[in-house]
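Just so you know, we're using the numbering used here here: the sequence shown kicks off at 4 and counts up by one.
For every residue, glycine included, the Cβ atom is placed at its ideal position computed from N, Cα and C.
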Amino acid sequence: MSTLKTKIEFLKGVGPTKAELLKTELGIFTFGDLLMHFPFRYVDKTKFHQIRDIGPGMDGENVQLKGVLRRLEMVGSGRGKRLVGRFRDETGVIELVWFKGANWIQKSLQTGIEYIVFGRLNDFRGKISIPHPEIEPFVETANKPLTLAPVYHSTDKLNGKGLDAKGQRKLTAILLNKITQEDIPEILPDYILGKMKFPSRYQAIRDIHYPKNPIDLSAATNRLKFEELFFLQLRLLQIRKNRKDALKGYAFQKIGENFLGFYNEKIPFELTGAQKRVIKEIRKDLGSGRQMNRLLQGDVGSGKTMVGLMSMLMALDNGFQAALMAPTEILAQQHYQSITAYVKGMGIRVGFLSGSIKGKKRKELLKFLAAGDLDFVIGTHALLEEPVIFKNLGLAITDEQHRFGVKQRSRLWKKSLPYPPHILVMTATPIPRTLAMTLYGDLDVSVIDELPPGRKEIKTLHKYESGRLRVFGFIRDEIKKGRQVYIVYPLIEESETLDLQNLEEGYESISRDFPKPDYQISIVHGRMKPADKDFEMQRFVKGETQIMIATTVIEVGVNVPNATVMVIENTERFGLSQLHQLRGRVGRGGEQSYCILMTGNKLSNDSKQRIQTMCATNNGFEIADADLRLRGPGNIEGTQQSGTLNFRLADLSKDGKILQTAREIAHRVLDDDPNFKLPRNEPIRRYMLYYAKKVKGWSRIG
Ligand code: ADP
Ligand code: MG
């Protein structure tokens with residue numbers, strides 16, 4: 004072990020200056036740190052692009068070239084000053100450009116010799132160049148059998164002191180010569196290595212630096228990714244298990260007359276397979292004697308409310324009250340209406356509470372709740388407030404959780420004694436499974452991945468400004484058929500004034516194209532008083548207006564089945580999950596619905612991909628996966644501060660399969676040997692002693 008703890012300055016070839024730079028630039032203090040500083044790609048010295056094949060349409064693509072540096076000169080002045088190199092292979096010439104560190108780079112390069120160049124193509128007004136390429140002399144490895152040479156992350160400062168990819172390569176080669184099997188003990192048990200056909204940790208670490216061939220490289224990479232994900236999952240599952248063991252809850256053992264009566268006689272449709280499965284999962288939790296903490300994910304329209312209601316009926320059958328909370332007044336009222344309609348005639352007492360319930364009505368409701376004269380209560384976050392006391396709250400459901408903070412939810416816990424109520428969080432913002440497993444690794448997740456039968460897919464179209472007249476014509480036709488239309492504008496805080504101006508201009512122009520008295524228009528945005536907002540919303544809900552012009556405030560949950568057209572303005576400014584959420588406002592009735600994505604003519608690659616994804620699929624999980632791929636895991640809502648997502652190698656947007664396997668195996672290990680006492684799990688036990696400390700504090704996620 005001590006070899007790995009040796010200070011980096013003791014490595015041959017590392018003097019005090021280099022040591023200092025390795026520390027400050029790369030966080031490398033010891034031999035071990037350098038060993039774990041993995042390459043981020045490899046130069047395959049056998050594969051090169053030819054310059055003549057590079058053409059328009061390859062903007063943003065990575066290429067590797069082999070050729071000779073012909074000319075190298077500084078051009079421009081001041082801020083436009085840059086170093087331009089002409090790089091030639093047998094088939095053509097391309098420009099290499101440096102804006103930063105140009106002086107140093109000019110000194111370090113030599114014209115007339117062969118280089119390997121790697122970089123991203125940039126198409127600037129039809130002229131293609133490679134800005135800031137990686138470049139290194141070709142001779143360097145010419146007489147070695149190496150075909151995959153490691154390339155390490157570098158910085159301008161490192162490059163300036165001979166610690167570019169090549170310099171770092173020298174160091175790792177020296178280091179690997181000193182490292183023996185004993186320096187790198189195995190942390191995975193033999194039976195897992197055997198089952199997965201993984202190389203030893205020692206071999207994997209050697210191979211990830213200097214793979215002999217692509218097969219060894221992928222075996223090493225898979226093994227190292229697996230171990231990262233495996234120990235994380237093991238730890239998260241352990242935390243969850245500990246918490247579950249500790250958190251006693253009410254045991255709802257009875258399936259009684261309310262649940263059965265509703266299921267056998269009142270339910271207006273056949274439950275989907277997914278709904279049935281989730282209800283079973285919940286039923287198991289509720290009967291277990293431990294507190295349930297479950298996240299229910301399901302696309303808009305997948306029927307989460309029914310699952311919520313059936314769970315509430317289970318609480319009632321066991322003599323407990325149940326609460327359902329929504330983030331807005333309108334949503335809460337919609338839930339109230341649909342639930343009272345569902346349970347009509349069953350003698351179930353349902354109450355409603357929101358900020359708008361005041362005075363005598365409010366007092367009465369609070370009294371009933373406390374006395375147990377109400378079975379269900381539906382409302383807004385007003386339910387979380389101090390004066391709200393339950394006789395015996397057994398189950399609390401929150402809808403559309405991303406509007407509620409984690410903190411607010413924890414207030415629920417105090418509303419019941421001696422145990423906290425069971426908690427079910429319903430959300431229509433799907434997060435990709437890979438992320439859910441990690442982010443909510445210590446929470447239980449149910450997924451409704453099936454829509455009720457007979458739904459018509461929403462047709463999604465992309466239109467440019469030039470197509471606006473036809474879009475308006477289409478809107479007129481739909482309104483003639485008696486349908487309603489949403490038109491949504493972006494509004495972000497940073498440019499709020501400008502956005503509001505846009506919205507108002509949009510309103511004026513639409514009012515001209517859709518004049519009274521034939522057309523009535525509602526307008527809703529976040530700057531309005533809540534009462535005015537509700538008033539306008541209600542006019543639309545009741546069908547008094549045909550067009551609703553709004554900002555994304557309507558994103559959450561409103562249900563107007565008669566609305567069949569969703570027009571989104573400046574679509575390029577919305578994120579994927581938000582677009583999908585907005586689209587979910589239509590397609591809620593029996594009629595064919597449409598989502599029209601309006602954009603300007605110039606679109607970035609990312610915007611194009613978002614729009615293509617929207618046009619290609621209606622499936623929330625596919626959208627979420629695309630979002631993850633496009634934005635990377637760090638940018639998905641709610642994950643920003645989570646240390647769980649910083650991996651050395653693993654990438655949640657690509658390594659879903661490895662994660663799934665790692666999680667399954669972690670599950671099995673914990674099931675039959677929770678404290679790693681069996682001899683075969685000894686490597687895990689030893690490593691967890693160290694690892695558990697490293698991930699301390701993650702248990703608060705979710
Ligand atoms: P979510 O809250 O998941 O967006 P809802 O619970 O509002 O979805 O359900 C959407 C619509 O689908 C509602 O009108 C509901 O009555 C209906 N619905 C729910 N489950 C089924 C089912 N199994 N079969 C047919 N219709 C269903
Ligand atoms: Mg809903």
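For Gly358, the CB contacts under 6 Å within the same chain, skipping 5 residues up- and downstream, are Ala385 in chain order.
The beta carbon of Ser580 sits no closer than 7 Å to any heavy atom of ligand 1.
Within the model, the alpha-carbon separation for Arg689 versus Pro564 is close to 58 Å. It is roughly 10 Å from the alpha-carbon of Val589 to the alpha-carbon of Gln487. Excluding the 5 residues flanking it on each side, Ile451 has same chain C-beta neighbours closer than 8 Å at Thr275, Ala277, Gln278, Val281, Leu299, Gln300, Gly301, Asp302, Ser305, Gly306, Lys307, Val310, in chain order.
Counting along the chain, Ser111 sits inside the alpha helix (DSSP H) bounded by residues 105 to 111. Assigned with DSSP and collapsed to three states, Asp630 falls in helix. In chain order, Asp126, Gly129, Ile131 place their CB closer than 8 Å to the CB of Pro59, counting only its own chain and leaving out the 5 sequence neighbours on each side.
The alpha helix (DSSP H) runs lying completely inside the segment 656 to 700 and spanning 4 residues or more are 659 to 675, 685 to 697, given in chain order.
The continuous alpha helix (DSSP H) containing Pro533 extends over residues 533 to 544. Secondary structure note for Pro19: its alpha helix (DSSP H) is the uninterrupted segment 19 to 29.
Shown here, Arg486 sits in coil according to DSSP, grouped into three states, outside any helix or strand.
Separation of Met691 and Leu237 (C-alpha to C-alpha, rounded to the nearest whole angstrom) is 9 Å.
In this structure, DSSP gives Arg85 an extended state, which the three-state scheme calls strand. Separation of Leu427 and Leu289 (C-alpha to C-alpha, rounded to the nearest whole angstrom) is 11 Å. Gly30 places its beta carbon 8 Å or farther from that of Leu7. Taking non-hydrogen atoms of ligand 1 into account, the C-beta of Gln278 is found less than 7 Å away from one of them. The shortest CA-to-CA distance from Lys110 to any of Gly485, Asn162, Gly81, Tyr155 is the one to Asn162.
With contacts defined as CB atoms closer than 8 Å, Leu372 and Phe393 qualify as a contacting pair. For the pair Ile133 and Leu72, the CB atoms are not nearer than the 8 Å cut-off. A distance below 8 Å separates the beta carbons of Ile381 and Leu327.
When DSSP reads this structure, His465 sits in a beta bridge with Leu600. Pairing Gly623 with His583 gives a Cβ-Cβ distance under 8 Å. With a cutoff of 7 Å, Thr308 counts as near ligand 2, since its C-beta is closer than that to a heavy atom of the ligand. Around the beta-carbon of Thr500, fewer than 16 other beta-carbon atoms lie within 10 Å, marking it exposed. DSSP places Pro140 in the uninterrupted beta strand (DSSP E) bounded by 137 to 140. Contact between the segment 462 to 471 and the segment 592 to 606 is present: three or more C-beta pairs spanning the two stretches fall below 8 Å. Counting C-beta atoms within 10 angstroms of its own C-beta, Gln256 has fewer than 16 neighbours from the protein chains shown and is therefore classed as exposed. Contact annotation, Leu37 with Thr224: C-beta distance approximately 19 Å; criterion of less than 8 Å not satisfied.
Annotation for Phe650: Glu231 place their beta carbon closer than 6 Å to its own, counting only its chain and skipping 5 residues before and after.
In the structure shown, Leu396 adopts extended strand secondary structure according to DSSP, grouped into three states. Among the bridge pairs identified by DSSP, His425 is matched with Leu398.
By the 16-neighbour rule on beta-carbons within 10 angstroms, Asn296 is buried.
Relative to the non-hydrogen atoms of ligand 1, the Cβ of Phe265 never comes closer than 7 Å to any of them. For Ser525, the enclosing beta strand (DSSP E) covers residues 524 to 527.
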